[in-house]
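Working notes, beginning with the structure itself.
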Amino acid sequence: MNRIAGAFSSGKAFIPFVTGGDPDLETTERVLYALAGAGADAIEIGVPFSDPIAEGPVIEAASERALGAGCTVEKLFGLAARVRADIKAPLLFMTYYNPVFARGVSSFAARCAESGVDGLIVPDLPFEERDELLGPCVSEGVELISLIAPTSGDRIAGIAKSSGGFLYCVSSLGVTGERRELGNDARRMVERVRRVSDIPCAVGFGVSTPEQARAIAGFADGVIVGSAIVRIIAEHGRDCVGPVGRFAEEIKRAIS
Amino acid sequence: MEDGRFGIYGGQYVPETLMSAVGRLASSYLRWRGDPEFTRELEELLTRYAGRPSLLYRAGKMSADLGGAKIYLKREDLNHTGSHKINNVLGQALLAQKEGKTRLIAETGAGQHGVATATAAALLGMECEIFMGREDMERQSLNVYRMELLGARVNRVVSGTATLKDAVNAAMREWAGRVEDTHYCLGSVMGPHPFPVMVRDFQSVIGREVRAQMIEAEGRAPDAVIACVGGGSNAIGSFYEFIEDETVELIGCEAAGRGLDTPDNAAAIADGSVGIFHGMKSYFRQDAFGQIAPVYSISAGLDYPGVGPEHASLFDRGRARYAAVTDAEAVEAFEYLTRTEGIIPAIESAHAVAYAMKYAPSLGKEKIVVVTLSGRGDKDVAAIAKYRGVCVNE
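Okay, here's the thing in structure tokens:
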């Protein structure tokens, strides 16, 4: 079983997200250990990008801070390789497509494999455009995670049937960020997937409280929490490790 | 090209939340563009509201002064709202209305596209929100108020470099959250399919008129067509009619800002590389890690890090060539055309004029060059004064 399949093999998966290099690389490293210690089943590391068009203000600001502090994707590969030996949970890079393309898709996939990055989530590379990256990912054993959204409609079946790893279900329209209420769109999406595939479904975008996480774990296989964690990091800066760890433990408890 | 590819360029690189919106837009555009009723209504708006056809003016004094090819100016500056932007906006607004949308959103750099969109929204009774970078709002405060007078709400974009690319980011985010009643009226031949095809089609009226008007005036097609390129909509609109006609030279003018030897330029073809951004594969100014570069031009309308995918393809195929024009050259051309012909061009269009000033004297007197004046320059007068160190009250 690869690491990603393993993440969904024992109960509901808790998948936290952090922007790599925010506020600096060293803090991100300590945050990764704290998240792993809190029971994260997979960890998403956001590669900061100049123009993150799928992000809300919280992650966009984190991206700007990280770039301002000199973070590069190469430094994040180095970070992944350093923590890989001690963190058993799969590591996923969430990156916009241009940084991948600029390096070269084959070289990027190979560097993922070499650094112990198990999967890629590329928010501006929809299913129909993924072929040029999929080939290199398959040959390097890196999972290319597909996303579905409430408006994906008839495309859901096709995406569900031919995607690897897990499906990233976008809870609602709009950009990433905390939402007070999550509608029923996510549940309906997961039900649609279930009809055609047994691929695990993790729900993200807007999940920020233990209660919301618990509700989602009631119907999905995993819960992705991003902006709420990034906001704690923004508030506490280098002293964020304790508060992030405690928040992660709360979420983990809520879905266990 | 119905799949949205121009060679390797174009595509639909957008977040999943936007895929159904761009998919639906592509199919509805394909349906309406062949519809005689739609074509007739748009034609009527263009002639009775926007003032088409625009003049093709023979710039006799300028031609004589430069002493080379005969220069004609395609006067898009004379359109209602003062630029070529209205051609595209009327098409998209009408399409959006046919599709039952009640709200238009748009990005704007110089404010010309924002003003055109706000105008179409007022005319067709639609709600309108414009996204504009903070920097551009300061550079073009009159246009901000103009949009508000037209009933639009102008949203200040403060993220990133607070210019045109950030306004596009903001508009895309807004659309991702509200696709049911909202049409994103993109202002150039960029972004995901179907925008590059659709905007080009709506702008191609420019080149069709040029051909007909040239034949009437000179009995033949021009030898060269010159237009400025930011995203590239007035250029594609001018070129498209002539792409198959290899005897017509096509020249796009990018903004070289403070010079190609400095980072302060916006010349995606001359000083960029292939990348993927804003929904399309094309040329972009970027760093070695694929981060989009902050760009600069005196012209807010050309201050964009990329170029439309069809231009990227025309460049690779060698069918069009692209020249880079600096701020200094553009300002000089702005002043020259104003003094010589009594026509104040938009600072964007002045980039094309500047290149014509260099190129026309190198050609024989029997040659004919058409320069597209994409917009009028009233909006730029204060900025030019500032550039020259003159203080004027706006």
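Sequence lines, in order, name chains A and B. First residue of the first sequence? That's 0 in numbering that gives the first Met the number 0, and the numbers climb one at a time after it. First residue of the second sequence? That's 0 in numbering that gives the first Met the number 0, and the numbers climb one at a time after it. C-beta atoms are modelled at their ideal positions from N, C-alpha and C, and glycine is treated no differently. All of these numbers come straight from a predicted model, not from anything done at the bench.
Item                                                                                                                                                                          : Value
Can you determine whether any heavy atom of the ligand GTP sits closer than 7 Å to the C-beta of Lys366 of chain B, and answer yes or no?                                     : The ligand GTP is not among the ligands present in this structure, which contains no ligands whatsoever.
I'd like to check one pair, His112 of chain B with Ile231 of chain B: are the Cβ atoms closer than 8 Å?                                                                       : A small correction: the amino acid at residue 231 of chain B is Gly; Ile does not occupy that position in the sequence shown. Cβ distance not < 8 Å, so Gly231 of chain B and His112 of chain B don't count as in contact.
So, helix, strand or coil for Ser145 of chain A, using DSSP?                                                                                                                  : strand
Decide if the region 364-376 of chain B is in contact with the region 223-239 of chain B; the criterion is three or more beta carbon pairs, one per stretch, under 8 Å apart. : yes
From which residue to which residue does the beta strand (DSSP E) around Val224 of chain A run?                                                                               : 221-224
Just to make sure I have the definition right: I need the residues of chain B whose C-beta is within less than 9 Å of the C-beta of Leu78 of chain A. Which are they?         : Near Leu78 of chain A there are no residues of chain B at all, since even the closest Cβ is about 15 Å away, more than 9 Å.
Chain A beta carbons: is any one of them nearer than 8 Å to that of Ile275 of chain B?                                                                                        : yes
If I follow the unbroken beta strand (DSSP E) through Gln11 of chain B, where does it start and stop?                                                                         : 8-12
Take Asn1 of chain A and list the residues in its own chain whose beta-carbon comes closer than 6 Å to its own, dropping the five residues that flank it on each side.        : none
Pick from B:Ala292, B:Ile275, B:Ala299, B:Val228: whose alpha carbon is nearest that of Arg320 of chain B?                                                                    : B:Val228
Residues in its own chain within less than 7 Å of Ala20 of chain B by CB, not counting five upstream and five downstream?                                                     : Trp174, Val178
Could you give the residue range of the alpha helix (DSSP H) that holds Lys394 of chain B?                                                                                    : The structure shown does not extend to residue 394 of chain B, since chain B spans only 0 to 393, so no value can be given for it.
In the DSSP assignment, find the alpha helix (DSSP H) that holds Glu134 of chain B and state where it starts and stops.                                                       : 133-138
Near Ser272 of chain B, which residues of its chain fall below 8 Å by C-beta distance, leaving aside the five closest residues on each side in sequence?                      : Tyr282, Phe283, Gln285
Would a check of beta-carbon distances place Ala175 of chain B closer than 8 Å to chain A?                                                                                    : yes
Classify Glu75 of chain B as buried or exposed, calling it buried when 16 or more other Cβ atoms lie within 10 Å of its own Cβ.                                               : buried
Shorter than 8 Å from the beta carbon of Thr16 of chain B to some beta carbon of chain A?                                                                                     : yes
With distances taken between CB atoms, is the gap from Asp302 of chain B to Leu141 of chain B smaller than 8 Å?                                                               : no
Roughly how many whole angstroms lie between the Cα atoms of Ile250 of chain B and Pro22 of chain A?                                                                          : 46 Å
Can you tell me where the beta strand (DSSP E) holding Arg191 of chain A begins and where it ends?                                                                            : Counting along the chain, Arg191 of chain A falls outside any beta strand (DSSP E), though it belongs to the alpha helix (DSSP H) covering 184-193.
Relative to chain B, which residues along the region 39-54 of chain A have a C-beta separation below 9 Å, given in chain order?                                               : Pro47, Phe48, Ser49, Asp50, Pro51, Ile52, Ala53, Glu54
Hey, does Arg102 of chain A have any beta-carbon neighbour from chain B nearer than 8 Å?                                                                                      : yes
Any idea what DSSP makes of Arg4 of chain B, helix, strand or coil?                                                                                                           : strand
Assuming Ile129 of chain B and Val156 of chain B are in contact, meaning their beta carbons sit under 8 Å apart, how far apart are those beta carbons, in whole angstroms?    : About 10 Å separates the two Cβ atoms, so there is no contact after all.
Considering only the beta carbon of each residue, do Ile232 of chain A and Ala61 of chain A sit closer than 8 Å?                                                              : yes
So what does DSSP say about Asn392 of chain B, is it helix, strand or coil?                                                                                                   : coil
Could you check if Glu210 of chain A is buried or exposed, using at least 16 other CB atoms within 10 Å of its CB as the buried criterion?                                    : exposed
Pick out the complete beta strand (DSSP E) segments inside the region 227-290 of chain B, 3 residues or longer, and give them in chain order.                                 : 248-256, 272-276, 278-283
Against Gly127 of chain A, what residues of chain B qualify as contacts under a CB-to-CB distance less than 7 Å, listed in chain order?                                       : Checking the displayed sequence, the identity of residue 127 of chain A turns out to be Glu instead of Gly. Those are Gln11, listed as they occur along chain B.
For Leu54 of chain B, tell me which candidate among B:Val204, B:Cys252, B:Leu94 has the shortest Cα-Cα distance.                                                              : B:Val204
Does Phe288 of chain B have its Cβ less than 8 Å from a Cβ in chain A?                                                                                                        : yes
Give the DSSP-derived three-state secondary structure of Lys73 of chain B in the structure shown.                                                                             : strand
With DSSP run on the structure shown, which of helix, strand or coil describes Leu119 of chain A?                                                                             : strand
Looking only at its chain, what residues have a beta carbon closer than 6 Å to the beta carbon of Lys280 of chain B, apart from the 5 residues adjacent to it on each side?   : Tyr8, Gly10
Short of 7 Å in beta carbon distance, which residues of its chain neighbour His277 of chain B, apart from the five on each side in sequence? Order them along the chain.      : Val167, Met189, Gly190, Gly305
In chain B, what lies closer than 7 Å to Val57 of chain A by C-beta?                                                                                                          : Result: empty, since nearest Cβ-Cβ is about 12 Å, beyond 7 Å.
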